[in-house]
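In the numbering used here, the protein residues as written are 845 to 1187. First the structure, in the form of structure tokens, and then the observations on it.
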């Protein structure tokens, strides 16, 4: 199966920032939309790609939780553009046939995070798709390199959803130094807390070739995010989020112990956040209640999943507008540097 290059719209528009990522992936801007389960469907992925970035559809738990949109439908919605698909790797290991079906849609890349990527590498390479591996610890980089990753995403704990304990600002340059020594051709992507051009410019200055953006696209017009979730989030500061393991324990989702979950604070976190050992002893206690709350869109029980960058959200614009504003601001910062004054 040949790799699909997809379509990139508006080729006549000037590329304001050129990096190794834009050159190798054939995109105009060094911005990738994070593959967020229940959020990054085909429409938002296509919108990001049409604006010159790269949209990656969230394959999430590979259907193992039974609460996700139909992946093949979402992949079909993005087929006119260059796109990728991403999975929670430990869940994909339970349903590897989902990867086989996804590859039939000729994604440009496959994004793997939170698990062991090498078992899937050969199948991905066989269709000439790029492998992108997200890591949460420096020690995971060698595993990603073993899988043949074309790009490695280093994820800081500022990110929404699942992550670990590293912070983006020191993690990116450390990973850049490591790759320069051990695998200089491998691309480096920064993730966690990046929601505007300031974050993009900073990531590039720290040694990244581009950025992975979650929360800002989570609150974009084309995302599958319920309006009630973004309505609750807009106007909340980063202080209004919390990273915890209790919700996964209570709803009975078997996440590896090194990862926690960043969400907006709600009644569940207020009651349980400081009772983690008890939550694990009560594993699955709220699974039925959580399913009912999801059906009723009860956001005091259901996770509203966003990162610390929520404090920079003011609206829910089209994804293309997010890309344009981000790259324009970053280009100004990189071009003018210390000449700029902030008020």
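C-beta: ideal position from N, C-alpha, C; glycine also. Please read all numbers here as calculations on a predicted model, not as lab measurements.
Between residue 879 and the set 915, 902, 1173, the nearest pair of CA atoms involves 902. Distances from the alpha-carbon of residue 948 to those of 925, 958, 956, 973 put 973 closest. In this structure, the straight-line span from the alpha carbon of residue 1137 to that of residue 1150 is close to 18 angstroms. Distance from the CA atom of residue 1118 to the CA atom of residue 858, rounded to whole angstroms, is 50 angstroms. An exposed status is given to residue 941, since fewer than 16 other beta-carbon atoms sit within 10 Å of its beta-carbon. Around the beta-carbon of residue 1073, 16 or more other beta-carbon atoms lie within 10 Å, marking it buried.
In the DSSP annotation of this structure, the continuous segment of the beta strand (DSSP E) that includes residue 928 starts and ends at 927-932.
In the DSSP assignment, residue 902 falls within the beta strand (DSSP E) that extends over 898-902. Cβ-Cβ separation between residue 1102 and residue 1008: approximately 6 angstroms, consistent with a contact (criterion under 8 angstroms).
Taking 8 angstroms as the cut-off, the Cβ atoms of residue 1093 and residue 1123 count as close.
Contact annotation: residue 1060 and residue 1153 have beta-carbon atoms nearer than 8 angstroms.
The Cβ atoms of residue 1035 and residue 1003 lie closer than 8 angstroms to each other. Assigned with DSSP and collapsed to three states, residue 974 falls in strand.
The Cβ neighbour count for residue 1106, taken over all protein chains shown within 10 Å, is at least 16; the residue is labelled buried. Scanning its chain for C-beta atoms nearer than 8 angstroms, with the 5 sequence neighbours on each side dropped, one finds around residue 1042 the residues 1173, 1174, 1177, in chain order.
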